[in-house]
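Notes to accompany the following structure.
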Ligand SMILES: NC(=O)c1ccc[n+]([C@@H]2O[C@H](COP(=O)([O-])OP(=O)(O)OC[C@H]3O[C@@H](n4cnc5c(N)ncnc54)[C@H](O)[C@@H]3O)[C@@H](O)[C@H]2O)c1
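Numbering (our numbering), first residue to last: 1314 to 1591.
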């Protein structure tokens, strides 16, 4: 069985929104696209939100090819009106809302404290942490009405481990935004538990996605294969980097009833990289 199988029926009758459901161009599949495909395979009807309509459309086509049900909603998670529109369209089209998977993440213009442009830091915070907050803000009234729901924030182990020098990661804005997502996760989990709403975060480590590999190698001017080698050797678990399907499988678990007693958890999916912290 390939790692992307084994999902059948686990989200039957559920409605999910996946943000950032398209992906940065590159060779491998991205986290949002893999998660949306897995949710649909598990029986969910999926709303694919992305600021890049064509890329979300490619995800929809992949789902339709497997006879899954998904619709595309162009929108920016850092714009409150877009988040409200996407949530209300999901409810209008599908009748309910069970899962919000906040997958959007950017690191554009990130840098160390001495040279980062404050506007770049603000924008990273706004999109990553602000986007997760705005999607929750739009979805929570619906979930409260239902007295059920699952929100999953895609954070990063960058929020809890130091950036690797070898990979030239300057994750100051990215790190701050993902740490804020962790705090939002804890705060919402506590506040909305009495309404049956679960809120968790996934902390991916080094994943072989276009954003993690292709875009980063381009930005740092490092040969793609060399960059892959550096990332692979940083991961403690045999086999090197994870794939988007590893993140998607964790997302499916947290969205499903198998995780019905799990809320307020920051789940590393990182091949043991954050275990080094302890
Ligand atoms: N790849 C890794 O190694 C890694 C590691 C840790 C965490 N993550 C996290 O996983 C998530 C997905 O990563 P990926 O590598 O699949 O990324 P990706 O860049 O391939 O996909 C992100 C998608 O988000 C969309 N997007 C960007 N800004 C948006 C906005 N404001 N509104 C709506 N859509 C927007 C993009 O168009 C793109 O389709 C991110 O949150 C990232 O931080 C990735």
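No residue lacks a Cβ here, since even glycine has one placed at the ideal position from N, Cα and C.
Suppose contacts are defined by Cβ-Cβ distances below 8 Å. Is residue 1411 in contact with residue 1463 by that definition?
Contact annotation: residue 1411 and residue 1463 have beta-carbon atoms nearer than 8 Å.
For the beta strand (DSSP E) that residue 1345 lies in, which residues bound it at each end?
Element bounds for residue 1345: not the beta strand (DSSP E) but the alpha helix (DSSP H), 1344 to 1354.
What would DSSP say about residue 1441, mapped onto helix, strand or coil?
Looking at residue 1441 - three-state DSSP - the assignment turns out to be helix.
What residue range does the alpha helix (DSSP H) around residue 1494 cover?
Secondary structure note for residue 1494: its alpha helix (DSSP H) is the uninterrupted segment 1485 to 1505.
Taking the straight line between their C-alpha atoms, what separation do you get for residue 1381 and residue 1352?
For residue 1381 and residue 1352, the distance between alpha carbons rounds to 9 Å.
Contiguous alpha helix (DSSP H) assignments of at least 4 residues, all confined to the stretch 1529 to 1567:
Runs of the alpha helix (DSSP H) lying entirely within the stretch 1529 to 1567, each at least 4 residues long, are 1529 to 1533 and 1537 to 1547 in chain order.
Pull up the distance between the alpha-carbon of residue 1571 and that of residue 1514, whole angstroms please.
When rounded, the distance between both Cα atoms is 16 Å.
Specify whether the stretch 1499 to 1516 and the stretch 1575 to 1587 touch according to this definition: at least 3 beta carbon pairs, one from each stretch, less than 8 Å apart.
The stretch 1499 to 1516, when compared against the stretch 1575 to 1587, does touch it at the 8 Å Cβ threshold.
I'd like to know whether the C-beta atoms of residue 1363 and residue 1357 end up nearer to each other than 8 Å.
No, they are not a contact pair.
Can you tell me whether residue 1472 is buried or exposed? The criterion is at least 16 other CB atoms within 10 Å of its CB, across all chains shown.
That one is buried.
Range of the contiguous beta strand (DSSP E) that encloses residue 1358:
Residue 1358 -> beta strand (DSSP E) spans 1358 to 1363.
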